[in-house]
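Have a look at the structure below before the remarks.
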Amino acid sequence: MAEWLGLLLTRRMLICVVTGFSSGLPLYLLLNLLPAWLRSDGIDLRTIGLFALIQFPYTWKFLWAPALDRYHLPLGRRRGWILASQAGLLLSIGLLGGLSPAADLGEVIALTALLAFLSATQDIALDAFRREILSDQELGLGNSVHVNAYRIAGLVPGSLSLILADLLPWAQVFWITAAFMLPGMIMAATVDEPAVAGAPKTLAEAVLEPFHEFIGRQGWAGALLVLSFIFLYKLGDSLATALATPFYLDLGFTKTDIGVIAKHAGLWPAVFGGLLGGLWMIRLGINRALWLFGVVQMVTILGFAWLAWRGVGESVDAVDRAALAVVIGAECLGVGLGTSAFVAFIARATNPAFTATQFALFTSLAAVPRTFINATAGIIVEWLGWTSFFFLCFLLAAPGMLLLLKVAPWNDSRQLPNS
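In structure tokens:
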């Protein structure tokens with residue numbers, strides 16, 4: 409226990425807490441707070457589902473990632489881009505609450521698109537910064553801490569902000585939410601810039617060499633397998649949670665129910681799953697963690713199907729709230745485990761000389777389901793109903809697990825600890 413605490417209580421792990429929180433806050437605002445805000449203002453479910461398309465910068469961020477590898481802002485190649493994107497996020501989040509979705513839908517779309525662009529740019533810089541300060545031995549634990557803090561950040565727009573929305577005007581709620589970007593800005597202004605040898609000297613080199621290096625290292629067949637796995641591993645879980653907040657509202661839960669029960673019921677399972685996943689990866693290795701954690705991640709999708717089949721009575725009672733808490737807690741545990749191994753796998757696949765571009769390419773591909781496939785979630789729900797929708801999500805999780813046979817074999821001795 410003392411050894412594990414020693415691994416967790418370091419300066420680099422504390423930095424990973426801040427990077428995860430700063431990265432997760434704007435995305436969870438788009439995933440949780442934005443749908444609740446739109447639904448509360450009378451926007452229909454189909455339109456809310458299509459709002460997932462606004463997250464396209466997460467899918468295409470590899471297009472401008474080479475600029476972050478090549479160009480330095482005043483505070484440095486990583487810190488400068490982190491601070492600039494965070495300042496833009498604070499302003500765009502705060503200004504969003506001054507609009508009305510029903511009356512200013514065009515302006516809402518434009519500002520949320522800008523928010524997504526700034527968030528994706530922040531992710532490029534934070535992912536590269538984190539990869540460059542962590543040793544290969546720290547990747548599993550450091551990325552688990554990052555993912556854990558990433559999920560905890562969801563409690564601000566997905567819990568605190570929803571509770572405040574029952575008490576305060578939306579404009580104040582969004583400015584309060586925006587203020588949670590300040591810890592990341594303080595971190596960016598005070599940490600040291602990582603020194604990495606072999607950084608690209610020209611923009612052309614920054615654009616071309618990351619792809620050439622990755623394909624040269626993996627081969628064309630291996631590269632396609634790795635990219636297919638990155639696309640598919642989180643597909644089922646991502647689609648299952650695409651309309652989580654509208655799903656809870658349609659079942660009859662209030663915004664306060666969602667804020668207090670649904671989100672807080674997932675806090676400790678998320679914390680436990682993230683930390684346990686990182687510590688287990690020290691013993692298991694990343695490959696075996698992907699197998700074990702992926703199974704848990706897949707099975708917990710069925711909890712949503714059970715909740716939809718069960719439904720609620722004429723009014724929400726204590727048993728309904730307990731059922732919601734159990735389902736959300738299991739989902740947070742499973743996804744916390746699966747995501748920690750998945751992000752560690754992505755980090756391991758990058759070359760430190762081209763961290764921003766390669767990390768952005770891989771995470772962009774992982775965001776495709778969340779951006780484009782999730783945009784169809786509302787249409788699928790209207791066609792199949794909630795219960796069948798979640799069973800479909802369970803089946804869509806299987807192809808990614810099957811690819812583990814090729815990209816992360818269980819008994820690959822090269823990837824086992826102390827090998």
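Residue numbers for the sequence shown follow my numbering, so the first one is 409 and each next one is one higher. Here a beta-carbon is modelled for each residue, glycine too, at the ideal position from N, C-alpha and C. Every value quoted in this text rests on a predicted model; they were computed, and no experiment measured them.
| query | result |
| --- | --- |
| Counterpart residues of L481 in DSSP-defined beta bridges | G484 |
| Which listed residue (L439, L453, L812) has its alpha carbon closest to that of L633 | L812 |
| Collapsed DSSP secondary structure at N440 in the structure displayed | helix |
| Straight-line Cα distance separating S723 from L824 | Confidence at L824 is low in this model, with a pLDDT of 46, below 50, so its placement is unreliable and no value can be given for it. |
| Residue of A697, P482, G592, A614 minimising C-alpha distance to L422 | G592 |
| G808 burial status per 10 Å Cβ neighbour count (16 or more: buried) | buried |
| Residue burial classification, G514 (beta-carbon count within 10 angstroms, cutoff 16) | exposed |
| Candidates E613, R539, S431: closest to V555 by CA position | S431 |
| 8 Å contact criterion, which G711 and A586 should meet: CB distance rounded | In fact, because the Cβ distance is near 33 Å, the residues do not count as touching under 8 Å. |
| Cβ-based neighbour list, D574, same chain, cut-off 7 Å, excluding 5 preceding and 5 following | K663, T664 |
| Exposure of N826, with buried meaning 16 or more beta-carbon neighbours within 10 Å | Unreliable positioning characterises N826 in this predicted model, as indicated by a pLDDT of 43, which lies under 50. The coordinate reading is nonetheless provided below. N826 is exposed by the Cβ-count criterion. |
| Neighbour-count burial assignment, W445, 16 or more Cβ in a 10 Å radius | buried |
| Proximity to G685 [Cα-Cα], best of A774, L441, A533, G744 | G744 |
| Pick from G505, T758, S500, A697 that is closest to F622, judged by C-alpha positions | T758 |
| Pair within 8 Å by beta-carbon distance, L461 and P565 | no |
| Rounded separation between S508 and S448 - CA only | 11 Å |
| Span separating the alpha-carbon of W628 from that of F619 | 11 Å |
| Distance between beta carbons of V553 and G742, contact taken as under 8 Å | Contact doesn't hold; Cβ gap of about 18 Å is too wide. |
| Whole-angstrom C-beta distance between G644 and I709, which should lie under 8 Å | 6 Å |
| Cβ-based burial, R454 [other Cβ within 10 Å; buried from 16] | exposed |
| Whether Q463 touches A518 by CB criterion (8 Å) | no |
| From G674, S527, L504, residue whose alpha carbon lies closest to that of V516 | L504 |
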